[in-house]
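One structure below.
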Amino acid sequence: MNKKFIKVLCSVTFSCMICTSYLAIVSAAPINNSKFKSNEINTSVDGSNKSERIPSTNSEPLGLNKKNTNSSKYSFSDLNNLSNKEILDLTSKIKWSDISDLFQYNNDSYTFYSNRERMEALINGLYEKASTYTSTDDKGIDTLVEILRSGFYLGYYNDSLKYLNDRSFQDKCIPAMLAIENNKNFKLGEKGQDTVINALGKLIGNASCNSEVVNKTVPIIEQYYREMNTYPKDKLKGDAVYNFMKEISYDISEYSYNNNILDGKNTPWTGKIDSFINAISKFAKISDVTENNDWIINNGIYYTSKLSMYHSNPSIPHSIIDNCLKLLPAYSEQFYIAVERIKDDFNGKDSKGNIININKLIENGKNHYLPKTYTFDNGKMIIKTGDKVDESKVQKLYWASKEVKSQFHRVIGNDVPLETGNADDVLTMVIYNNPKEYKLNRVLYGFSVENGGIYIENIGTFFTYERTPEESIYSLEELFRHEFTHYLQGRYLVPGLFGQGDFYKGNSGRITWFEEGSAEFFAGATRTSILPRKSIVRELSQNPKERFSTDKILHSKYDDGWDFYKYGYAFSDYMYNNNKKLFNDLVSTIKNNNVKGYENLIENASKNSNLNKNYQDHMQKLVDNYDNYTIPLVSDDYMKKYNNRSLNEIKSDIESTMNLTNSQITKETSQYFDTYTLKANYTLDLNKGEINNWINMNNKVNESLEKLNKLEWGGYKTVTAYFSNPKVNSYNQVEYNVVFHGLLAHNKNFNEAPTIKLDFPKEGNANEKINFSSEGSSDDGKIVSYTWDFGDNETSFEKNPTHVYKTPGAYTVKLIITDDKGIKSEKSASINIKKILTGNTVSEKESNDDYITANPVYSKDLVSGSISSSEDRDIFYFNVTKPSDITINVEKINKDKSEFTWLLFSEEDKINYITYPNKRLENLFYSTVKIDKPGKYYLAIYNVNGNKSDYRFNIEGAISTSPEDNINIDKDESSIYEKEDNNSFDKANKVCKNQSVIATLDIDDSRDTYYFDALTAGDIEVTMENTDNNSNEFNWLAYNSDNTKNYIGYPTKRECNKIIGKFKVDKPGRYYIITYKISSNKINYKLNIKGNIETALVNNEIHEKENNDSFETANKIMLNNTVLGNLNCKDVRDIYSFDIKETKDLDINLNNLNNLGLAWNLYKESDLNNYIAYGLVSGNTIKGKYTAKPGKYYLYVYTYSGDNGDYSLTIK
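Residue numbers (mature numbering (1 follows the signal peptide of the UniProt record, and there is no 0)): -24 to -1, 1 to 1188.
So, in C-alpha cells, the structure goes:
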C-alpha cells in the first residue's frame, strides 16, 4: 500500500475546532470499532461512523455538584475481583459505557484478558444468552459483546495478548453467533432485537465468521430492503444492516490478505455466500435516490463490488455495478462510487470485458462540480470552485493568504523555501459548493472526505468546501487560514515532506501539537499582528481544572483526540505574547532540523512549573476577555476600487516610511487585479539580542504600515509586510530582508462589491419591535437583493426590516447584499437582547424549603424572593395544563458576589432534574424545556456560596392561572400518567373509571399495555387520542385475561385525531388494552376507557383522629395518602396502622411543618415490643425505607421536644 502524506482538516460533526491530521491517523483512530480501519467508504445512516461509539457526558448545572445519573462505573480492576458468573450477571445490569477502561491497554485489562479460561467462559456465556434474548431485552448481549470485542482489539495491537488475535480462538465465538441467529427473535423489530443484531455485526468484525453465519444474516438484510421506507431514520436498524455489510466484508478481506489470496478463490466463503451478496446487491439496484436511502445505496454498490470475487459467478455482481452507470443519476455520488469500484475492483472494465473510459468520467465530474478556475500571482496560486462559491469570497481568500503569510514569516524569520522544485511551488485550492458535493472528492481526486478539508503536501493542493453556519462554526476563510499555514509550514519551516522528514521518524507525533496549535494561532493573522480568535477561545474550558497542562499539550498527538488543537492554540498565543524566546527556540530547532535540540526544549518546558503557571494564567486571561475578541477576517478595503498609482510612486511612498536600501519592486498579475511586491533591506543600528531585535523590527514595520494608511491613496490599506533572514554585520548591526505586498490596480474583470452600512441598536428587549436599516449601502452598479439573518433562525428580504426577538441572548445579525452582477457583500454585527421580567408582583412566603411547603406559582406571576445565608433553597411549584414549552427566567437582583442556581423537577421524580439554567444573559439565568406531560412541577432555587441572594422570576408557558385551575386539573379528567416498563401483560398499568392516561410511544418504546377490571358484563368504549394532532399512525387492541392470544376489540371509527371502538365483555374480570404505533415517529397520546369498570380510590389528604395514642386505637390509613397530624406537650404520640397484602418496598416520609422534634418507628403486629425500622432526618423530613412482607404494620410517630406543631405523613 502506498502511504500518502497528507494533512486532514477534520471538523467532527462540523462543530469542533479547525483540525488537521494524517489520513492514517484518522483512519486508525483509537475508537474501538474493529481491529483496524481500512480506507473504505463510511456511509451509514446519518453519514457518521456508526461503529465509533464514544460515551458522552451531560453538563452539570451551574454551581451544583449533582449528577443527573444513577449509573455505576466499573473498571477492569473491579471486574478482576468478580467471578465469571458475576461478570455475566453484571452485563445484564450495566451498559458497556459503564466500563471506564474498555478498549484500553493497562495492567488491569491485561490481567483480565490474559485469563484464557475467563475469555472462554464469557464466550460460553454469550452462547447461553443467545437463546434467551427477547424483543425487548437483549439480556446484556450488547455489553458482553463489547467486552469480547475489547479483548480482540487489544489482542490485535498487543503481543502480550496475541492469543486473542488467533483466528482459531476467535472461531470459538461462531456457535454463539449461530445461536443468536437461531433465536426466534432474530429479526428487525423492537429495541432488544435491533441491539442484539447490531452487536452480532460488530462481533464479526473483531472475531470471525463462516459461511453459515454469513448466510443467516440474509433475512435481516432482505427485511430491511422490504421495510426500509417504514423506518427511514431508524439509526439502530440502519446500523445493524451496515455492520453486517462492513464487518463481514472486513473479516473475509482480512482472511484473504493474511493468506495472500488476491482473486477470491479457495476461501471458506468462495461460492458459498451468493445469497448474501445477492441480498446486498438489491440496494445497488435502487435508482430513486433520496436523502434517506442514499447511504444504503452507497453501501450496496461498494460491498457488492468488494465481495463480487467470492460469488460463484462474479460476473453477476459485476454486471450490477455496470448497470449503475445506466440507472443512477449522472454526476451523483452513487454514480461515482460505481465508477470508482469499476476502476479499483474490475480494472476499469465492464462485466463483458469492455474498457470503460474512467479518466473521461472523472474529468467530466471535475468539470461538473468545479467549473470555475481562478489564477493569482502569475499562476502561482490556482483556485478551482463550484459554481455557487462567491467569486468575491475567492478573492478574499487570496488576501487572507497574504495576511497569514506576512505574520508567519515575521515569526519564523525565513521566507526561502527549504527545498526547491516541489509540487508546492504552485498552490492549488479546490473548493466544492457544499459538504454533500465534497463527498465526490474521494473519487474525483482520490483523497479521504471524512474531514472538513485536506491539504496534500506532495501535490501542493488543498481540498475543502463552502459551508453554512449550521454546518460549521468556522467560516471558509478561517478554515483556509489554518490550512494555508500548513502549506507555509511544509514549505518554509519543517524540513522534508509531511510524515517523511526527520521530525516524523521514530515519533510521528513529535511536533503535532506545534503544527496544529500554531496553525490555529496564525489563522488569527491581520496586517499588523496576530489576534485572539473568539471562535476558538470560546472552546477553552470554563473550568481551569479541565484545561491542558504544559506537559500534556507538549506531548499531545492526533490519537489523543481533538482538544489539543485549542490548547495548542492557547500555548502558541502565550508564547507569542509572553514567551517569545521559547517560541523562537522551538522554531529554530525545527527549521534547522535539530530533532535532539527540540526534544530537549520540550523535556525542560514540560517540567517547568513556573512555565505551566504562566500558561494557565494566560488561558484564564483569554477566557476572561472573551467578549472583547473578534474573529479576524480580511476587511472590505481589499474589495474596493482605487485610482491607479504607478509602481514608481508606490516604491517612493514605501521608502519614505522606512529607511530602506536596495529596494526593488515587481508586478504580479491575477485574474481580477495586479499586485506588487517590494523587496528591500533594512538595518537596525544596534544589536540588542534576538528577541529585542525582533520586537524593534516588528514595531518599525507596523509603523511603516500605519504611515502608509494615512496617505491619500486608499490602496495602501491592502499592504502587508514582513521581515526575515536576520544577519549581524561586522558593525554589530542587524540586517533584515523586508518585503511589502499590496494591491496595484483592479482590472476589467473586477466588479467592486457592494458597500454595506448596517444600522440598528446594540441592545433591545425581547418581544419588542426593533428597526434594522441598510440605508447608505451602495454599489458601482445596482443592488438587487437584501438578505437579513437575525441570528435566531429568522430572516427577511426587506431593505429596512423590523424584527421581534422572542428570547433574550446575544445574537449576530448578518446582512448580505447582492448586486446586478452577482457579487455579494456580507457584514455582521452583534445585538444583545435583554429580558424584562413582567407580571403580577408576588412575594415568596417562608418557610418554603421543602416540597410540602413549596409556594404556588401561577401564570403572569412575577415572584420576588430571597435565599438567606442560613438556608440552602427555596421551592415553588406550578401546574402544567397541557404539553408545551416552559421557559423559566430567574434574575439575580443584588449585584454582589452571591450566587444561586435552580433546578426543575417533576412531582413524579424529585431526584433527577429535568433542566437547569443552561443559558445566561448578564444576571438572567434561564432555560426553555418541552414538557410533554401535564401535572405538577417544582422549581428549586439553591444558594451556592452561602451569601444572601435576592431574586425574582416568572414562568412562561401553559401553566395554571389561578388556584381554581389546579383544582380543575386534579378533578377534571383525573389524568394519570403511564409508568414504564408496561410493554407486556404482566407489567400492565391499571386504568380505572373516569381516568385518562397520558402516555408516549417512541422508537425504543413501541408498545404500552394497560388493564381494567370490569364489574359486570356489558359494553366497553376505548378512545385513543393523538395529542400531537399530527399524521402519526397508531392503534389499540383489547384482550381478555383468559385468552391473551386473540383480541376481542379494536377501533372501528376515527374522529380527527382519535380512534374509537366498542366491544362487549361477557363477564366481570380483568381485561387488557394494548396500544402500539404504526409509524416510526414518537407519538404522545391519551387513552380513556368507559364502561362499568372499577373506580379509582380517591387520594385526598386526611386528618388524624384522636385518640390514636396506642396500638389499640391506631388510625387505619391507606398507602399513598397524605395524613395531617398535630403533636404537643399533652399529645406526644400518634399511631397509625396499615395492611400489606403483598411484599412491597415502603417509602416513609414524615414532614416536619413547625420545627418539632419529630421521629418515627415502624412495628409489625407480630412483635410490638421491637421496632423494625426508623427514620433518619433529612432537612425537615424524617425519611426511611423498608421492604414489607404481607401483614399488619404500625407506624409510631412521636415528639421529643414537647413543642406544639403540625406534620404530614406519607407512606408510598
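Don't be surprised by glycine CBs; every beta carbon is placed ideally from N, CA and C. Everything numeric in this text was worked out from a predicted model, so none of it was measured.
- By the beta-carbon neighbour count (other beta carbons within 10 angstroms, threshold 16), ALA546 is buried.
- For MET405, the three-state secondary structure derived from DSSP is strand.
- With a threshold of 16 other beta carbon atoms within 10 Å, LYS415 meets it and is buried.
- If the five residues before and after GLU454 are omitted, its C-beta is found closer than 8 angstroms to the C-beta atoms of ILE(-7), ALA499, ARG509, SER511, ILE607 and LEU609, all from its own chain and listed in chain order.
- For LYS868, the beta-bridge partners assigned by DSSP are TYR927.
- Shown here, SER144 sits in a helix according to DSSP, grouped into three states.
- Assigned with DSSP and collapsed to three states, ARG514 falls in coil, not helix or strand.
- Looking at the DSSP output, GLU230 bridges to nothing.
- The residues ALA990, ALA993, GLY994, ILE996 and TYR1047, in chain order, have a CB closer than 7 angstroms to that of VAL1041 in the same chain once the five nearest residues on each side in sequence are set aside.
- As DSSP reads the structure, TYR762 sits in a beta bridge with ILE793.
- DSSP places MET673 inside the alpha helix (DSSP H), whose first and last residues are 666 to 685.
- Inter-residue distance for VAL856 and ASN417 is about 52 angstroms (C-alpha atoms, whole angstroms).
- Looking at the DSSP output, LEU58 sits in no beta bridge, so it has no partner there.
- With respect to the 8 angstroms criterion, TYR902 and ASN865 are classified as neighbours on the basis of their beta carbons.
- Here the alpha carbons of SER288 and ASN161 stand approximately 31 angstroms from one another.
- Cβ-Cβ separation between GLU954 and VAL973: approximately 6 angstroms, consistent with a contact (criterion under 8 angstroms).
- Taking every protein chain shown into account, the CB of MET405 has 16 or more other CB atoms within 10 angstroms, so this residue is buried.
- Rounded to whole angstroms, the gap between the alpha carbons of LYS924 and SER846 is 8 angstroms.
- Taking all protein chains shown into account, ALA964 has 16 or more neighbouring C-beta atoms within 10 Å of its C-beta and is therefore buried.
- Spanning the alpha carbons of THR243 and GLU230 requires a straight line of approximately 11 angstroms.
- Under the three-state reduction of DSSP output, PHE736 falls in the coil class, being neither helix nor strand.
- Following the DSSP letters along the chain, one finds SER548 inside the alpha helix (DSSP H) bounded by residues 539 to 554.
- With a contact defined as Cβ atoms closer than 8 angstroms, GLY1160 and GLY1151 qualify at about 4 angstroms.
- Around the beta carbon of SER505, fewer than 16 other beta carbons lie within 10 angstroms, which makes this residue exposed.
- Partner residues in the beta bridge of LEU654, as assigned by DSSP, are ILE641 and PHE716.
- Shown here for ASN1127: same chain residues with a beta carbon closer than 7 angstroms to its own, the five before and five after excluded, namely ASP826, ILE828, ASN1156, THR1157, TYR1183 and SER1184 in chain order.
- Under the DSSP definition of a beta bridge, ARG1109 partners with TYR1174.
- The DSSP assignment places complete beta strand (DSSP E) segments of no fewer than 3 residues inside the segment 434 to 491 at 437 to 441, in order along the chain.
- Rounded to the nearest whole angstrom, the C-alpha separation of LYS69 and GLU62 is 11 angstroms.
- The beta carbon of SER1142 is closer than 8 angstroms to those of GLY1167 in its chain, skipping five residues each way along the sequence.
- Between GLU496 and TYR552, the C-beta gap is not smaller than 8 angstroms, which leaves the two residues out of contact.
- For the pair ILE917 and GLU522, the Cα-to-Cα distance works out to about 27 angstroms.
- Contact between the segment 611 to 621 and the segment 371 to 384 is present: three or more C-beta pairs spanning the two stretches fall below 8 angstroms.
- Comparing alpha carbon positions, the residue from GLU884, LYS858 and LEU403 closest to GLY933 is LYS858.
- Listed in chain order, the non-local C-beta contacts of PHE1087 below 7 angstroms within the same chain comprise ILE1111, LEU1144 and TYR1170, local neighbours out to five positions each way being set aside.
- Closest option to GLN592, judged by alpha-carbon separation, among GLU575, TYR658, GLN518 and ILE630: GLN518.
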